[in-house]
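Visitor:
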C-alpha cells in the first residue's frame, strides 16, 4: 500500500515538474554522463531555427537518420575510451602511496584531459560537428532518459496494482482515490507517448530517435555502468 501511494506521488510530482518545463527547450543535456565531480562533456547548444519542417518544434536541432547513426557510433567509441581511462584512473588511485598526493592529482588531470581528447577524436571520426553532437545529445538524452525511467520505475505495473487495490475499497473510498488514479493514468500515458518531449523537440525528431532506441538505451546503460565502476 505504501509503495503504491509513493509511486502515485512520484508520477504526479513528475507531471508537475514536466508541465512547468513545457514550452521552451530545457537546459543543455550532456551527451554522456560525466564522472562524479567533473564537468560534463559538451552536450547542449543554443539551437537555431528548424526551418519550419513538418513535425518539428521551433528552435530545435533537426535529427536525421544519418546523423543519428553517426552519433550511435560516436557514443560506442567514447564508451571504449572512457572504460580504458576509468580503469587507468582507478588503478592509479588504488595505490596507497598516491592517495592525497600530487600523483593522485596528476592522475585525475590526465583522466580529464584524456576524456577531452577522446571526445574530440570520436566526434571527428564520426563526421559530426560540435553542433551535431550538442543537438543530438539534447534530443537523445530527453527521449532515452524518460524511456529508461518508465522501465525502471514500472509505472504501468504499479498503476494496475493501484487500480486493483481501489476495486477492493468501499465506494466512498473509491471516489476519494479516483481523481488521483485518473491523474496517474493520464500521466503514465503522457510519459509513454513522450508528450512533453515531443512538444519540446517535435514529433519528427523524437520518432527518428526511437528508430535507434535499442542501441541508444544500451549505450546509456553501458555508460552508467562504466562510471559506476569508477
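Residue numbers (mature numbering (1 follows the signal peptide of the UniProt record, and there is no 0)): -22 to -1, 1 to 208. Quick reminder that beta carbons are idealized off the backbone N, C-alpha and C, glycines included. Treat the numbers as computed from the prediction; the structure is a model and nothing was measured.
#1: If you compare alpha carbons, which of 62, 47, 107, 48 is closest to residue 201?
#2: Identify, in the order they occur along the chain, each residue of the same chain with its Cβ nearer than 6 Å to the Cβ of residue 183, setting aside the five sequence neighbours on each side.
#3: Quick check: the Cα distance between residue 131 and residue 80, rounded to an integer number of angstroms?
#4: Do you know offhand how far residue 167's Cα is from residue 195's?
#5: Looking only at its chain, what residues have a beta carbon closer than 8 Å to the beta carbon of residue 122, apart from the 5 residues adjacent to it on each side?
#6: Assuming residue 139 is part of the alpha helix (DSSP H), what are its boundary residues?
#7: Quick one: what's got a C-beta closer than 7 Å to residue 163's C-beta in the same chain, skipping five residues either side?
#8: Is the CB-CB distance between residue 106 and residue 49 below 8 Å?
#9: Are residue 76 and residue 70 closer than 8 Å when you measure CB to CB?
Guide: Let's see:
#1: Of 62, 47, 107, 48, the residue nearest in Cα terms is 62.
#2: When the five nearest sequence neighbours on each side are left out, the beta carbons in the same chain lying within less than 6 Å of the beta carbon of residue 183 are those of 41, 117, in order along the chain.
#3: Cα to Cα, residue 131 sits roughly 43 Å from residue 80.
#4: Approximately 20 Å, taken between the alpha carbons.
#5: Taken in chain order, the residues that qualify are 187, 191, 194, 195, 198.
#6: Element bounds for residue 139: 133 to 145.
#7: Excluding sequence neighbours, residue 163 sits near 137.
#8: In this structure, residue 49 lies closer than 8 Å to residue 106 by Cβ.
#9: Residue 76 places its beta carbon less than 8 Å from that of residue 70.
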